[in-house]
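Accompanying notes for the structure given below.
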Amino acid sequence: MKETIRLTTSQALIKFINNQYIHVDGEEFPFVEGIFNIFGHGNVLGIGQALEQNSGDLKVIQGKNEQGMSLAAIAYSEEKLRQKIYAVTTSVGPGSANTVTAAATALANNIPVLFLPGDTFATRQPDPVLQQFEQENSISTTTNDALKPVSRYWDRVTRPEQLMSSLIRAFEVMTDPAKAGPATISISQDVEGEAYDFDVDFFKKRVHYMDRPIPRERELKGAEELIRNSKKPVILVGGGAKYSQAREILMELSEKHNIPLVETQAGKSTVESDFKNNLGGLGITGTLAANKAAKQSDLIIGVGTRYTDFATSSKTAFDFENTRFLNINVNRMQSYKMDGFQVVADAKLTLEQLQPLLEGYETEFGSEIQELKSEWLKERERLSEVVYSREDFNPEIKNHFSQEVLNEYADALKTELPQTTALLKINETIDPSSVIICSAGSLPGDLQRLWHSTVPNTYHLEYGYSCMGYEISGTLGLKLANPDKEVYSIVGDGSFLMLHSEFITSLQYNKKINVLLFDNSGYGCINNLQMDHGSGSYYCEFRTDDNEVMNIDYAKVAEGYGAKTYKVHSLKELEEALEDAKKQDVSTLIDMKVLPKTMTDGYQSWWNVGVAEVSEKESVQKAHDHRMKMLEEAKQY
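In full-length UniProt numbering, the protein residues as written are 1 to 637.
Shown next, in the form of structure tokens:
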């Protein structure tokens with residue numbers, strides 16, 4: 001007879017989580033680092049009781065907003081290259097609903113996170129309970145059903161014994177590089193406290209092997225043939241290359257065969273920016289050098305990329321008449337993108353096995369890679385010296401604002417600081433080993449083009465979902481993953497207002513983070529989008545009913561939380577604040593007032609967005625005509 005142990009469902013859950021290990025490249029370590037929680041109706045008396053009784057080795061962190069703490073968990077997992085995670089537990093109803101945006105963010109970026117929301121009663125006897133909605137078509141539908149489409153694995157536990165198969169399935173998904181994503185196990189609140197005689201063997205140490213899929217001989221031969229037959233191949237470094245830790249072999253291939261590297265947002269800093277053949281970001285937010293190289297390339301070697309519309313300039317970044325695609329990806333679906341030749345295998349292993357097969361091969365780029373890089377570095381230097389003029393200011397983005405409106409912002413915010421010069425000053429001032437994070441607005445474009453990561457894996461940008469509010473929440477996750485490094489949130493005022501609850505959590509647990517707040521009093525990126533396509537400036541600026549530009553004292557807000565804060569209106573003040581912030585032990589916030597319309601523009605790129613087909617404005621009509629022209633040229637795959 002097998003030995004059993006009597007535990008509640010929640011106690012069994014916590015005991016099981018504590019004994020899950022992962023094995024990567026010969027190393028073995030616990031997979032779940034800890035659990036974020038906001039206790040409420042539906043989880044406090046179940047999972048909460050289990051954690052209070054015996055949390056094991058789990059770090060237990062109290063969040064302030066369910067979405068915020070979930071985003072922190074996502075950033076932690078991504079920073080740990082998907083090899084360690086935090087779980088997240090919430091109450092029923094609004095608590096679990098608040099995780100939907102975060103789960104979608106994890107899914108879009110293929111990041112493993114374990115969501116453990118409470119659910120309504122399995123017995124249905126007290127229905128409808130507090131925070132339970134009712135659907136006429138099914139009594140079994142609850143808030144947690146909203147998590148189905150945004151979870152890689154989803155289950156509802158209505159009996160204690162169901163937990164066993166559910167947990168094994170969830171961890172299988174989360175530890176598989178090809179399927180990695182959020183797993184949701186919602187547990188009925190009465191079942192959370194219900195006891196069962198669990199098999200003791202269920203709680204023994206369980207090791208999940210994150211093996212590297214090996215490329216087949218057929219795939220290697222096909223890849224070799226494509227590369228040898230190409231004259232100007234370009235390697236597109238995606239997030240999969242970073243997770244595979246392919247830095248060294250990417251540099252070796254690039255140097256030996258003179259192949260330029262270009263990057264997606266997720267792939268940036270896999271190879272440092274000052275590597276001689278690294279031309280920077282590709283696509284809408286890319287550099288002129290990368291976009292020029294891609295346009296003349298006859299073979300794109302996509303390494304761990306999803307080919308999103310930003311990276312491909314809505315599929316106009318390439319010459320489809322002459323360009324083929326070689327896709328190396330652990331996920332078979334992704335390898336089919338752009339109708340490419342598929343190598344379904346680990347990026348690092350594939351490139352290492354491909355290297356000896358290419359002996360003697362060299363591209364026809366010659367010195368052109370260095371010429372393109374040099375041209376871009378001169379442009380970057382120019383952008384660092386942009387200054388504001390009250391009489392005749394020529395911002396880098398198309399100047400849809402009149403000089404009068406720009407002057408109005410300068411007066412209202414008491415600043416003459418352009419965004420690009422501020423960003424480059426930050427890049428120059430902070431320690432190169434620091435880790436930065438961003439997600440939404442115009443800042444991701446400036447960062448992918450201008451930010452130089454001279455230390456690998458110091459650039460963390462969530463752009464699979466571009467989730468506003470990720471920036472500060474994610475910085476807490478970065479600090480948990482890098483306790484000995486300075487971490488910086490680069491965030492616009494729009495995203496700050498969306499969500500900054502976990503800034504308080506950083507103060508509560510003495511996890512120092514630095515928030516670099518770019519305040520241009522509005523949703524500047526979307527304002528550019530609407531005006532660039534013929535519309536006026538409509539509800540994207542932060543103005544009062546009297547049409548006055550709002551000047552919010554964000555430093556005072558953060559000071560009230562207990563942070564060390566700074567107010568910045570010039571480069572000199574910014575540099576002084578950055579240097580002083582390094583000396584602090586507490587979380588900091590630098591409130592930078594920057595001028596709108598002072599971010600970088602696109603470089604030989606185009607973004608396919610919906611434009612009104614019918615409009616009274618000639619400018620909108622022209623924008624629609626341009627879109628249709630570009631669509632005719634674009635190839636859809």
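We put the beta carbon where it would ideally sit given N, CA and C, even for glycine.
Residue i (DSSP reduced to helix, strand or coil)
| i | result |
| --- | --- |
| GLN342 | strand |
| ASP274 | coil |
| ASN18 | coil |
| PHE29 | strand |
| ILE552 | coil |
| ASN291 | helix |
| TYR336 | coil |
| GLU52 | helix |
| residue 639 | Nothing can be reported for residue 639: it is not among the residues displayed for the chain, which extend from 1 to 637. |
| ILE513 | coil |
| residue 638 | The question about residue 638 has no answer here: the residues shown for the chain are numbered 1 through 637. |
| LYS59 | strand |
| GLY34 | strand |
| ARG6 | strand |
| VAL330 | coil |
Minimum C-alpha distance to residue i - residue among the options
| i | options | result |
| --- | --- | --- |
| TYR153 | HIS257, MET550 and ILE185 | ILE185 |
| LEU236 | SER489, VAL303, LEU476 and VAL207 | VAL303 |
| GLN132 | GLU381, ASP119, VAL60 and PHE203 | ASP119 |
| ALA345 | SER244, VAL271 and GLN355 | SER244 |
| MET599 | ILE526, ASN547 and ALA612 | ILE526 |
| VAL88 | ILE259, PHE39, ARG169 and GLN135 | PHE39 |
| HIS533 | LEU51, PHE198, GLY222 and HIS626 | HIS626 |
| GLY469 | GLU321, GLY441, ALA481 and ALA50 | GLY441 |
| ALA577 | ASN520, ASN514 and SER70 | ASN514 |
| TYR336 | ILE301, LEU450 and VAL387 | ILE301 |
| GLU272 | THR8, TYR488, ASP493 and PRO432 | PRO432 |
| LYS292 | HIS624, ALA634, GLU632 and GLY602 | GLY602 |
| SER55 | ILE14, VAL386, GLU502 and LEU377 | ILE14 |
| GLN296 | GLN342, GLU252, GLU368 and ALA241 | GLU368 |
| ASP190 | THR158, SER619 and PHE542 | THR158 |
| THR475 | MET69, ILE5, ILE47 and LEU107 | MET69 |
| ILE74 | ARG380, LEU571 and THR101 | THR101 |
| TRP607 | LYS315, PHE171, ILE490 and LYS242 | LYS315 |
| ILE111 | THR123, PHE121, ASP201 and GLU79 | GLU79 |
| ARG380 | GLY280, LEU358, GLY536 and GLU391 | GLY280 |
| MET630 | ASP546, GLY610, THR565 and THR544 | GLY610 |
CB contact flag (residue i, residue j, <7 Å)
| i | j | result |
| --- | --- | --- |
| ASN457 | LYS205 | no |
| LEU288 | SER230 | no |
| HIS41 | SER10 | no |
| VAL113 | ILE85 | yes |
| LEU480 | TYR561 | no |
| ASN482 | HIS452 | no |
| SER140 | PRO117 | no |
| THR285 | GLN419 | no |
| THR350 | PRO215 | yes |
| VAL60 | LEU71 | no |
| TYR488 | LEU516 | yes |
| PRO94 | VAL330 | no |
| VAL150 | ALA104 | yes |
| LEU450 | LEU478 | no |
| SER384 | THR421 | yes |
| ILE17 | VAL32 | yes |
| ALA317 | GLY240 | no |
| ARG332 | ALA195 | no |
| VAL549 | ALA412 | yes |
| ALA108 | GLY464 | yes |
| GLY536 | PRO596 | no |
| PRO233 | ILE249 | no |
Test: residue i CB closer than 7 Å to a CB of chain C
| i | result |
| --- | --- |
| GLU362 | No chain C appears in the structure shown, which is made up of a single protein chain. |
Heavy atom of the ligand ATP within 6 Å of residue i beta-carbon
| i | result |
| --- | --- |
| VAL200 | The ligand ATP is absent from the structure shown, which contains no ligands of any kind. |
**Report entry** Ordered list of beta strand (DSSP E) runs contained in the segment 184-252, each at least 3 residues
**Finding:** 195-199, 206-209 and 233-237
Report task. Just list the alpha helix (DSSP H) runs in the segment 136-189, keeping only unbroken ones of 4 residues or longer that don't cross its boundaries, in chain order. Result -> 162-174
Report task. Please go through the segment 410-492 and give each complete beta strand (DSSP E) segment of 3 or more residues, from N-terminal end onward. Result -> 435-438, 459-461 and 487-492
Query raised in the report: Is the segment 587-594 touching the segment 267-282 in the sense that three or more CB pairs, one from each, lie closer than 8 Å?
Result: no
**Report entry** Complete alpha helix (DSSP H) runs within the segment 527-615 (minimum length 4 residues, chain order)
**Finding:** 554-561 and 571-582
Query raised in the report: Taking one C-beta from the segment 403-420 and one from the segment 311-327 each time, how about it: are there three or more such pairs within less than 8 Å?
Result: no
Query raised in the report: Quick one: complete alpha helix (DSSP H) runs, 4+ long, within the segment 359-388?
Result: 368-384
Query raised in the report: Contact between the segment 126-146 and the segment 159-170: three or more CB pairs below 8 Å?
Result: no
Query raised in the report: Can you give, in chain order, each stretch of the beta strand (DSSP E) that sits fully within the segment 77-124 and has at least 3 residues?
Result: 85-90 and 114-119
Query raised in the report: Per the contact definition of three or more C-beta pairs closer than 8 Å, is the segment 367-386 in contact with the segment 493-513?
Result: no
Query - 4-residue-minimum alpha helix (DSSP H) runs that sit fully inside the segment 278-327, ordered along the chain - result: 288-296
**Report entry** the segment 216-226 touching the segment 349-368, judged by at least three CB pairs closer than 8 Å
**Finding:** yes
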